[in-house]
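Remarks on the structure that follows.
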Amino acid sequence: MKILLIGSGGIGRRHLKNLKALRPETKVTLWRQLGRRELSADVLALIDRIVLTQQEALESKPDAAIIASPASRHIPTALALAWEGVALFIEKPLSDDLEGVDELLEVSHRRNLVLMVGYCLRFFQPLLEIKRILDEGELGRPIYFRAEARQNLADWRSGINYRETASARRELGGGVLLELSHEFDSARWLMGEVESIWAHAAKLSDLEIDVEDTADASVVFASGARGGVHLNMTERPGGRFYRIVATKGTIEWNSQEGGVRFFSHTAGQWRTAWNPDTYDRNAMYVDELQHFLDCLPAKRDPMVNGQEGKKTLELVLAAKESVRTDRRVDLELPAHSIEAL
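Just so you know, we're using my numbering here: the sequence shown kicks off at 152 and counts up by one.
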């Protein structure tokens, strides 16, 4: 198999190492910009060829591509590859706006291509446990969702000046709403589609960036449930927190404490559903990539396909519009969601 890797930042290097661990025989071509920082010897050892132009990348005739470049560049790159029949794994978010997204989805459908968006938390064991508990129904109907994601931007990428990263730069699709959009995707995955959102965001810290570093959003789900999302890239220590209240119980996960626990009204006590003692966080990235690779032979639809990536992007962009207008923004719901209201 031949894989084209676009982008050699932290997430690109992680995917590269995981890919070669899963499929050592894979031939990897790296497409990167001229003038980027030098790659370490251990990374270079995993790459068969480096190209600097789109033409060279296309001429490598890849079977699939992993797009791990800044969000603002995802769609043009993905379109060029899709027209050539290349399967696509696109890091989250799908893009920083909707321009070209529908065309990409149409081309991918027409060419019968696998298109997956990298929302890795759907492969993260704590959230898989939360999803399992909700689906089993013991706790009843979920009625409130709370998620927080907090991490100081300066700590995200070891040895790299945060000011130069895509996360810090508006023109590259940075800002906390897009960079930490996992929580919006998790909200949809665990609770169903969002009907409306009201968000506030601003740059509040002393970080040298031109994007928002803190955001809060209130959401109403199509089911009638309510929720809130808090995101910041200023806080130390970092962490994630999830809490879902249901009609017959509550589920909580705090990354700083570790395990997933839940309270059932029937049992009348807290119980531990998952303990992280031996869990390797890289496992979710491995499982995510394995899922993509498993989809390729039969061209199966991945868990987070292009439509799913688009829906989460629409939710994030609705949050941005709400910040801009200081008003609630309603989202267009699928027909089946509207019928359920």
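Heads up, the beta-carbon is just placed ideally off N, CA and C, and yes, glycines get one too. All figures in this text were calculated on a predicted structure; none of them were measured in a lab.
Selected residue, minimal CA-CA separation from L195, among P453, V237, L156
L156
From what residue to what residue does the alpha helix (DSSP H) around Y436 run?
433-446
A491 to G343 span [Cα, whole Å]:
Residue confidence for A491 is low, a pLDDT of 38 falling below 50, so the modelled location carries little weight; the figure read from the coordinates is stated next. Straight-line Cα distance between these residues: approximately 11 Å.
So L209 and E242 are in contact, right, with Cβ under 8 Å, and what is the actual spacing, rounded?
The pair is not a contact, with the Cβ atoms about 20 Å apart (cut-off 8 Å).
DSSP three-state call for H351: helix, strand or coil?
strand
Are the beta-carbon atoms of V179 and D199 separated by less than 9 Å?
yes
Helix, strand or coil for D477 per DSSP?
coil
Separation of T423 from E250, as counted between CA atoms
44 Å
Nearest by alpha-carbon distance to S337: which of S406, F296, L444 is it?
F296
In whole angstroms, what separates the C-alpha of R314 from that of L170?
29 Å
My output table needs one value for V362: the three-state DSSP class, helix, strand or coil.
coil
Cα-Cα separation between L482 and D367, rounded to whole angstroms
18 Å
R495: which of Q205, V371, G310 sits nearest, CA to CA?
Absent from the model: residue 495. The displayed extent of the chain is 152 to 492, so no value can be given.
Is A233 closer than 9 Å to D214 when the C-beta atoms are compared?
no
Name the DSSP bridge partner or partners of F240?
I217, M267
Do P293 and V396 count as a contact pair if the criterion is CB distance below 9 Å?
yes
Close Cβ partners of L440 (< 7 Å) along its chain, the five nearest in sequence each way excluded
H166, N169, L170, L173
Pick helix, strand or coil for Q206, following the three-state DSSP scheme.
helix
With distances taken between CB atoms, is the gap from A352 to G326 smaller than 9 Å?
yes
Under 9 Å between C-beta atoms of F443 and P453
yes
In whole angstroms, what separates the C-alpha of Q407 from that of R478?
34 Å
Cutoff 7 Å; reference G161; Cβ partners in own chain excluding five residues on either side:
R308
How should Q302 be labelled, buried or exposed, when 16 other C-beta atoms within 10 angstroms of its C-beta is the threshold for buried?
buried
Among I284, P244, G324, whose alpha-carbon lies nearest the alpha-carbon of E334?
P244
Mapping DSSP to helix, strand and coil, what is G457?
helix
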